[in-house]
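These notes are about the structure you will find just below.
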Amino acid sequence: MLASPYLLEPPQGQSRHSANPEDNSSQVIVAGVATTVVASLALAARIFARLHVLKNAGSDDYLAIVAMCLSLAFCGTTFNATRLGAGKHMWYMLVSDYSPYFLAGNIGITITYSLSVSFSKLSILVLYLRLSPDANFRRVVYSVISVVIAYTLAYELIIIFQCRPVAAAWDIAVKGTCLKPMIQMMVFSSLNILIDLITLALPVKLFLELQMSIRQRMSLIAMFGAGSFVCAVAIQRTIILPHLLNSSDYTWDVVPQMVWGFLEVNTGVVCAALPASKPLFTRYLPRFLSSRSRDSSRRKSGSLPLPESLGGDRKRRGNGPHAPFAGNSGGRNLDEPGSEDDDEMYLWPSRGKGSARNGKSIPEQISLESLHDTTYGIQNKVRTVVSAAPDSTKIVRHSMAHSITVTTETRIER
1 MLASPYLLEP PQGQSRHSAN PEDNSSQVIV AGVATTVVAS LALAARIFAR
51 LHVLKNAGSD DYLAIVAMCL SLAFCGTTFN ATRLGAGKHM WYMLVSDYSP
101 YFLAGNIGIT ITYSLSVSFS KLSILVLYLR LSPDANFRRV VYSVISVVIA
151 YTLAYELIII FQCRPVAAAW DIAVKGTCLK PMIQMMVFSS LNILIDLITL
201 ALPVKLFLEL QMSIRQRMSL IAMFGAGSFV CAVAIQRTII LPHLLNSSDY
251 TWDVVPQMVW GFLEVNTGVV CAALPASKPL FTRYLPRFLS SRSRDSSRRK
301 SGSLPLPESL GGDRKRRGNG PHAPFAGNSG GRNLDEPGSE DDDEMYLWPS
351 RGKGSARNGK SIPEQISLES LHDTTYGIQN KVRTVVSAAP DSTKIVRHSM
401 AHSITVTTET RIER
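Per full-length UniProt numbering, residue 1 is the first one in the sequence shown, and the count goes up by one each step.
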């Protein structure tokens, strides 16, 4: 009698329907595509903000790119596992698919998952170093970075060399001994959660000391919300892990683990991208919304708006890094597009030293100040200051470009 080509025979009360097997792998596909697309868009926003808005890419950006590449690799290996039988009951799995392809692919899934999560953590930690000059804080961050690197190396080595000989991990024909997965996986999952919590808690003290605008607070809430979600997902994966490792129907029960894995990996990329993407939204989103609002108002009223130079709309002005007389923000309004609020480094209290956040007042005669782009798109080359005393009958405009100052007067007939 020929041996069955299937890995297992159906348990009592079950039967094998080869024409239409029960399959829940669609959950994996949907979760993988949706979360990977969101993470890719978040990373694209981060890179655009750093390269085109701040023009200041750093090592944290490269770490985030590596994390996203590993997320894509995790997506590819996981989808391949569904092709081989993940999402179906084990009695539908062919022996030729299970060994070596499914088992080797499972190792690839584990490695790409853990590396992507670790690189997302490293990106966030290096961002902390990029922002804060505090010596004690930086020492703590460097210590956590060392722990993440050591954890990652230990995890990968144990996954790769879990069996002796190594090939016994993916080839059932090879006789060997392997580590029991329950202990090692639970230990590493618990350490992963602990590192997540430490990474999330590191900047809390610094943030509590800040005086921030509502927009900055909302940005921080979004960032900590994403970080908290990553921790919650890691905890959920750890809770369901023992059931999977003890399962007699691994290919069916692995689906929830894969779905939660996609959520953790890609939310980690989003969490790493949020702080660095903020300049993109503070620079362009308010302009887009205000433009749409003005267009809508014009259509409704059928009239032209007043010139901005007479409207004194301070929050839409001052896009350059040295806009004069911007109040207590050191020459810039921290709640306007294009200001210091564009760059996440200005969230930190120590960065306020040397700025006028501690104190230049606005002269009463200043009604509007702005830095305009030139018609050639070169920023911060032309500075225009419009002043008018309360009882004056004239408006004086001073414009300076390339060290040449032009003064114009507009007399107002009363």
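All residues carry an ideal CB built from backbone N, CA and C; glycine is no exception.
On the DSSP bridge list, what partners appear for T177?
R164
For the stretch 112-170, which segments carrying the alpha helix (DSSP H) assignment without a break, of at least 4 residues, lie completely within its bounds, in sequence order?
135-160
On the premise that C231 lies in contact with I193, defined as a C-beta separation below 8 Å, what is that separation, rounded to the nearest angstrom?
6 Å
If I'm right that A222 touches L274 with Cβ under 8 Å, what's the distance once you round it to whole angstroms?
6 Å
Cβ separation of V140 and L202, assumed to be a contact under 8 Å, to the nearest whole Å
7 Å
From L179, T82, R130, residue whose alpha carbon lies closest to that of V28:
T82
Option nearest M93 by Cα separation, candidates A167, P10, P256, T267:
P10
For F137, count neighbouring C-beta atoms within 10 Å of its own C-beta (all shown protein chains included) and say buried if the count is 16 or more, exposed if not.
buried
Taking I107 and A169 to be in contact with their CB atoms under 8 Å, please state how far apart those CB atoms are, rounded to whole angstroms.
6 Å
Taking the beta carbon of S59 as the centre, do at least 16 other beta carbons fall within 10 Å, making it buried, or is it exposed?
exposed
Separation of Q12 from T152, as counted between CA atoms
42 Å
7 Å Cβ cutoff met for T78 and I111
no
Beta-carbon within less than 7 Å of S123's beta-carbon, same chain only, minus the 5 sequence neighbours each way: which residues are those?
D60, L63, A64, A67, A272
Please classify L41 as buried or exposed, where buried requires at least 16 other C-beta atoms within 10 Å of its C-beta.
exposed
Nearest residue (CA-CA) to M258, options D97, G87, T177
G87
From the DSSP output, in three-state form, read off E23 for me.
Just to set this straight, residue 23 is Asp in the shown sequence, not Glu. Reduced to three states, the DSSP call for D23 is strand.
Residue range of the unbroken alpha helix (DSSP H) whose run includes H243
214-245
Between which two residues does the alpha helix (DSSP H) containing residue 434 stretch?
Any property of residue 434 remains undetermined from this structure, which presents the chain solely from 1 to 414.
Residue nearest to D249 in terms of C-alpha spacing, selected from W91, P21, Y6
W91
How many angstroms separate the CA atom of T36 from the CA atom of R237?
18 Å
By alpha-carbon positions, which one of V254, P256, I195 ends up nearest to S118?
I195
What distance in whole Å lies between the Cβ atoms of T199 and V269, which are believed to be in contact at a cut-off of 8 Å?
So it is not a contact: roughly 14 Å between Cβ atoms.
So V265 and S146 are supposed to be a Cβ contact under 8 Å. How far apart are they, rounded?
23 Å between Cβ atoms; not a contact.
In this structure, what does DSSP give as the bridge partners for L94?
Y6
Which residue from H89, S96, A34, L103 puts its Cα closest to that of residue 415?
With the chain represented from 1 up to 414, any question about residue 415 goes unanswered, as that position is not in the structure.
Rounded distance between the beta-carbons of I158 and V166, thought under 8 Å:
Incorrect: roughly 12 Å between the Cβ atoms, too far for contact.
Here's the rule I'm using: 16 or more other beta-carbon atoms within 10 Å means buried, otherwise exposed. How should R46 be labelled?
buried
Would C75 be called buried (16 or more neighbouring beta carbons within 10 Å of its own) or exposed?
buried
Could you name the residues of the same chain whose beta carbon sits closer than 8 Å to that of G105, not counting the 5 residues immediately before and after it, in chain order?
T77, N80, A81, L84
Should R50 go down as buried or exposed, given a rule of 16 or more other Cβ atoms within 10 Å for buried?
buried
Determine the contact status of V126 and L7, defining contact as a CB-CB distance below 7 Å.
no
Around the Cβ of A3, are there at least 16 other Cβ atoms within 10 angstroms (buried) or fewer (exposed)?
exposed
Whole angstroms are fine: how far does the CA of T251 sit from the CA of H243?
13 Å
Closest by C-alpha distance to G225, when choosing among V204, L210, L241
V204
Assign Y142 to buried or exposed, taking buried as 16 or more other Cβ atoms, counted over all protein chains shown, within 10 Å of its Cβ.
exposed
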